[in-house]
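Residue numbers (this note's numbering): 103 to 299.
Using N, Cα and C, we set each Cβ at its ideal position, and we do this for glycine too.
Bear in mind that the values here come from a model prediction, so they are computed numbers and not experimental data.
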């Protein structure tokens, strides 16, 4: 009979950790116990704090405006913008302009079109970095990443919040349950050894 103790202790260890994991999310709504104590799952109870922390972390660590500005000001991105602008200018000078202004297009020769394109591209070359900075300042003013993330997490239903967290941490929560069983089993064996000495 005493040798069943490790198995009972393992079951108790697993069950207590299983309950502890469940209590992270349940009960979803506050439950009043004897008018003295209010019981609610840790995540539903602290959803606002969780939202604030996630919003701050995303804004500061994962998607800061400084990072976006750096990526946009990357020489490869600037080159892509210039190539795109150049292609648009070519299309305008060679297709749209002659179509809309055939007489003027006939007067303006290829040399003038080339000079015009070069002048515009010089302006683009000098203006793109400052345009990106100006654009980013405008985005920073109107697009508050931290606030948007906070609002999104705050507006999640408790069920959806649980679903998202479980998707991210399901294996870790299972590990917590299993480790409870293993520790319980080991403690049970220690008790058996102590009882038989």
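Checklist line | Best match in 295, 246, 240 for proximity to residue 157 [C-alpha to C-alpha] | finding: 246
Item checked: Inter-stretch contact (C-beta, 8 Å, three-pair minimum) for the stretch 189-203 and the stretch 248-267 -> no
Note to self: One question on the structure: do residue 297 and residue 110 come within less than 7 Å of each other, judged by their Cβ atoms?
What the structure shows: no
Notebook entry, point to check: Using 8 Å as the threshold, is the stretch 179-191 in touch with the stretch 225-235, meaning 3 or more CB pairs across them?
Noted result: yes
Item checked: Length at least 4, wholly inside the stretch 170-201: the alpha helix (DSSP H) runs in chain order -> 177-193
Margin query: Measuring CB atoms only, is the stretch 209-223 touching the stretch 110-122, in the sense that at least three cross pairs come out at less than 8 Å?
Written below: no
Notebook entry, point to check: At least one CB of chain C closer than 7 Å to the CB of residue 259: is that the case?
Noted result: The question asks about chain C, but that chain is absent: this structure has only one protein chain.
Checklist line | Coarse secondary structure for residue 240, derived from DSSP in three states | finding: helix
Next item on the list: Name the two residues that bound the continuous alpha helix (DSSP H) containing residue 246.
Entry: Segment: none, residue 246 is in no alpha helix (DSSP H) and carries neither H nor E.
Notebook entry, point to check: Based on Cα-Cα distance, which residue from 294, 287, 170, 260 lies nearest to residue 131?
Noted result: 260
Next item on the list: Determine, using beta carbons only, whether residue 153 and residue 256 come nearer to each other than 7 Å.
Entry: yes
Check: Can you tell which of 164, 194, 292, 127 has the C-alpha that lies nearest to the C-alpha of residue 146?
Finding: 127
Item checked: Cβ shell of residue 281 (< 6 Å), same chain only, five flanking positions each side left out -> none
Next item on the list: Go through the stretch 107-146 residue by residue and report every complete run of the alpha helix (DSSP H) that reaches 4 residues or more, in order.
Entry: 107-124
Notebook entry, point to check: By Cβ distance below 8 Å, which residues in the same chain neighbour residue 150 in space, the five residues on each side in sequence not counted?
Noted result: 256
Next item on the list: Report yes if the C-beta distance between residue 278 and residue 119 is below 7 Å; otherwise report no.
Entry: yes
Check: Where does residue 257 sit, in a helix, a strand or coil, going by DSSP?
Finding: coil
Checklist line | Close-in-space but distant-in-sequence residues of the same chain around residue 172 (CB under 6 Å, 5 per side omitted) | finding: none
Margin query: So, with DSSP's three-state summary, where would you put residue 267?
Written below: helix
Check: Where do the ends of the alpha helix (DSSP H) carrying residue 148 lie?
Finding: Looking at the DSSP string, residue 148 is not in any alpha helix (DSSP H), and its letter there is neither H nor E.
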